[in-house]
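For our numbering, add 86 to where a residue sits in the sequence shown, where the first one is 1. Glycine included, C-beta positions come from ideal geometry on N, C-alpha and C. This one's a predicted model, so the numbers in the text were calculated from it and none came from an experiment. Below is one structure, written out as structure tokens, with a few remarks after it.
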Amino acid sequence: NASSGPLVDAQVRQAVSHAINKEEFSDGLTYGYERIAEMPFPEGTPYTDVELTASYPYDPEKAAALLDEAGWVMNESTGIREKDGETLILKLTMDSGFDSLNQSLATLIQTQLGKVGIDLTITGLEQMEWYSGFMAGDFDLTFWQPQYNYAAPHCWFTPMDTMTPQTVSLQGMDDAQEFLDAIQKTIQTDDETELRELFTYLYNYDMGNVIDIPLTYQKDMIVYNTSKISGYDFIGTPCFFNVDNLHPAE
87 NASSGPLVDA QVRQAVSHAI NKEEFSDGLT YGYERIAEMP FPEGTPYTDV
137 ELTASYPYDP EKAAALLDEA GWVMNESTGI REKDGETLIL KLTMDSGFDS
187 LNQSLATLIQ TQLGKVGIDL TITGLEQMEW YSGFMAGDFD LTFWQPQYNY
237 AAPHCWFTPM DTMTPQTVSL QGMDDAQEFL DAIQKTIQTD DETELRELFT
287 YLYNYDMGNV IDIPLTYQKD MIVYNTSKIS GYDFIGTPCF FNVDNLHPAE
């Protein structure tokens, strides 16, 4: 949330990104099935083969240096940074019922941010309470799932002016209107050259200003008892389970 609290400062947002080790998410939580993400969508999604002009990969030393530059000084007795008498505490909210990995992911982020002196509190909420909370700006970090490939990238950007966590976050950006105007242009043209230019700008604005930090490319998973089930055929539509695609064990 770039519109309130410590994350108004771009250096603090960059530090958060540098403090996050995506390999621990990929290897530790998904056993490598979900690859590390640098963009909201995987390769092959239209208009994602663009070059990012700025990135903030895992680098805890850089994260610490940015926080120092921003005036957040480590309190050696607590391990948490302070500035002008204020403790560096961020609040992560999430829809506790959406994804079984959310709690583990939040706990891992909490540990990683703690290593550079950021205290993270985790609040799991019922879906509508979570939604109304982030629309009211009551969050510092939250999880937001990208639209799937068949809807991307248009449906990632187009709701940002009205109904997503980015809606609130963008209120803290002086040049947000230019960004929102560019989003509107993507639904008003079918010119391939113009669309590529627009999405190149949109991705660079989003990632470059650390409005979003992609973590991994999400995959559908199914867990089953191998003594009863021998396999499952995934279909092209994400997040839909079809019992007919289960193969009973023999």
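A direct Cα-to-Cα measurement between E137 and K108 gives close to 20 Å. For the stretch 142-215, the continuous beta strand (DSSP E) assignments of 3+ residues that do not extend past its boundaries occur at 159-161, 166-169, 175-181 and 205-211, in sequence order. At a Cβ-Cβ threshold of 9 Å, L266 and M246 count as neighbours. The beta-bridge partner set that DSSP reports for Y318 consists of L332. If the five residues before and after F320 are omitted, its C-beta is found closer than 7 Å to the C-beta atoms of D306, all from its own chain and listed in chain order. S218 is classed as exposed because its beta carbon has fewer than 16 other beta carbons within 10 Å across all chains shown.
DSSP places I269 inside the alpha helix (DSSP H), whose first and last residues are A262 to T272.
Between T244 and I273 the beta-carbon gap is near 6 Å, inside 8 Å, which marks them as a contact. When Cβ pairs closer than 8 Å are counted between the two stretches, the stretch 215-232 is seen to touch the stretch 251-262, the count reaching three or more. In terms of Cβ geometry, T207 and K177 form a close pair [threshold 9 Å].
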